[in-house]
Amino acid sequence: MNWKKETVELKKRRALAKQQGGDEAIDIQHSKGRLTLRERIERLLDKGSFQEQGEIAGGSETNEKGEIESLTPANFILGFGKINGKQVVVGGEDFTVKGGSPNPAGLRKSVYTEELALKYKVPLIRLHEGGGGSVAGPGKKSKGYGGDPVFSKSRFKSVADTLREIPVVSAALGPVAGMPAARFVASHFRVMTKETAQILVAGPAVVERAFGIKMTKEELGGSQIHKLNGVTDNVAETEEDAFNQISKFLSYFPQNVYELTARIETDDPYDREEEGLISIIPKERQKSYEMRDIIDLVFDKGSFFEMTKFFGKGIITGFARINGFAVAIFANDSNFYAGSMSAEGAQKTTRFIKLCDTFNIPIVSLVDEPGFLIGPDAEKDGTILHGTQAVLACTESTVPWTTVMIRKSFGVAAAAHYGPDGYVLAWPSSESGPLPLEGGVAVAFKKEIAEAKDPEAKRKELESKMAKNQNPFPRAEAFSVHEIIDPR
């Protein structure tokens, strides 16, 4: 007597699980330009590092002899793996099995993924492509679905817990709706593929039933929609691009909040000087320039990774390295509303500062802040509400700050750029005050300008006079900055 029969069955179950939804379903997946989940995991992780958990979970069919004939695997695959030699947990919906809509085993595995990453304090990566629950419940039971027991904790509890302790990254690689869509946005970094991925609260059929509107998945929730509203941070041209972005993002982060990001070796000298920085800011105050060029010149070459570029465009957020050390970049883009902080930019700022504070990543703020965006649309958007939240996020942060005053630093919005006990440097091109020069003079000297023989000449005279008080040297004299520095 031995256990050969059982080991043969185990081998067969594993082989059946590897077939996923079957050859036809896999062919359909490939015909739509999408990889299968197993292919994604293989390409994301270091070669040979994947250690699957619950490989044969699912529902089986047996013959009269009790021998297994078929297996419908759990439509969620998870396990440990490595990215650049560092341990991670990865999981995702298998779209080849019932479109990724959770079956009982798949649902359990999806919840376990978060608990596993939390237990071992390693980054969590979700590869999403699937729908939410069915009206019939998990497994489409004929009697419907009675719900979870009253003593069950919310599935969102573990989702929330991960965000407090470990880096969480999600990729949308196909249509994503319901709970997977909620998990996607409940992440520190979110990337979706162009044209092949959509994020949806509900799909076209439900929308048509509710509103009588016919739309495609792409029209409802494609990357062109969600890159502008902040649902996704980045858009990837291909799945391979998405995996590279995930790897790059994680390189700036520690394994968990109890560790620090490791320094990497660099051949870029920390004392490198860049002559181009001396003239990069135009003397003409109304002219814009490229803040990203400054970032590329100041930080370790090729190290800048930008996130959330298309949402809140007046604000730039991302990560880079200085002498091999990871830092967060928070800057203004003068090409959009002169860099003013809009409601969207403020929301982007708040989330970014809190992200850096959670994982102890120092912030470098490059300031060219004219103030909050003004006008009727800005008021409708609640700019002062979201802007104040950004300022409070800054003042409550505990990470080291270095603030470099590049050009403008005006109004309440500027306070979002100066962290507690921060190190403040100023370029010769910097200017600061309660209000930008032009608007401030028009308000403060309204009567004097109106009564002048030549109001326009008087306005320019006053602006020229006041400009001398807004340059950085009075601030340096008052020790309101630590140093004025040569930009090079």
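Residue numbers for the sequence shown, in this note's numbering: 23 to 510. Cβ coordinates follow ideal geometry from the N, Cα and C atoms, glycine included.
| Query | Result |
| --- | --- |
| Using a Cβ-Cβ cut-off of 7 Å (strictly less than) and excluding sequence neighbours within five positions of SER164, which residues of its own chain qualify? | With a pLDDT of only 48 at SER164, under 50, the local geometry of the prediction cannot be trusted, and the value read off the model is given with reservation. Within the same chain, SER164 has no close Cβ partners at all. |
| Could you pull out every residue in the same chain whose Cβ sits closer than 6 Å to the Cβ of LEU66, ignoring the five residues on either side in sequence? | PHE265 |
| Looking only at C-alpha atoms, which of ASN97, LYS249 and THR424 sits nearest to SER515? | This structure gives no information on residue 515, because the portion of the chain shown stretches from 23 to 510. |
| Helix, strand or coil for ASN354? Go by DSSP, reduced to three states. | strand |
| For the candidate residues ASP183, ILE99 and LYS87, whose alpha-carbon lies nearest to that of GLY76? | ILE99 |
| Any contact between the region 254 to 262 and the region 329 to 338? By contact I mean 3 or more CB pairs, one from each, below 8 Å. | yes |
| Please classify ARG294: does DSSP put it in a helix, a strand, or coil? | coil |
| In chain order, which beta strand (DSSP E) runs of at least 3 residues are fully inside the region 196 to 253? | 211 to 215 and 220 to 222 |
| I think PHE432 touches GLU391, with their Cβ atoms under 8 Å apart; what is that distance to the nearest whole Å? | 6 Å |
| Are the CB atoms of GLY101 and GLU61 within a distance shorter than 8 Å? | no |
| Is SER452 closer than 8 Å to ILE471 when the C-beta atoms are compared? | no |
| DSSP three-state label for GLN308, please. | coil |
| Should ILE303 go down as buried or exposed, given a rule of 16 or more other Cβ atoms within 10 Å for buried? | buried |
| In the structure shown, what three-state DSSP assignment does ARG429 receive? | strand |
| Count the other C-beta atoms from every protein chain shown that fall within 10 angstroms of the C-beta of TYR292, then say buried if there are 16 or more, exposed otherwise. | exposed |
| Do three or more CB pairs link the region 190 to 198 to the region 143 to 151 at distances below 8 Å? | yes |
| Inspect the CB distances between the region 353 to 367 and the region 403 to 414 and report whether three or more fall short of 8 Å. | yes |
| Specify, as a first and last residue, the run of the beta strand (DSSP E) that LYS179 falls within. | Where LYS179 is concerned, there is no enclosing beta strand (DSSP E), although the alpha helix (DSSP H) it sits in stretches over 177 to 187. |
| Are the CB atoms of ALA360 and VAL349 within a distance shorter than 8 Å? | no |
| Looking only at its own chain, which residues have a Cβ that is under 8 Å from the Cβ of ALA284, when we skip the five neighbours before and after it? | PRO276 |
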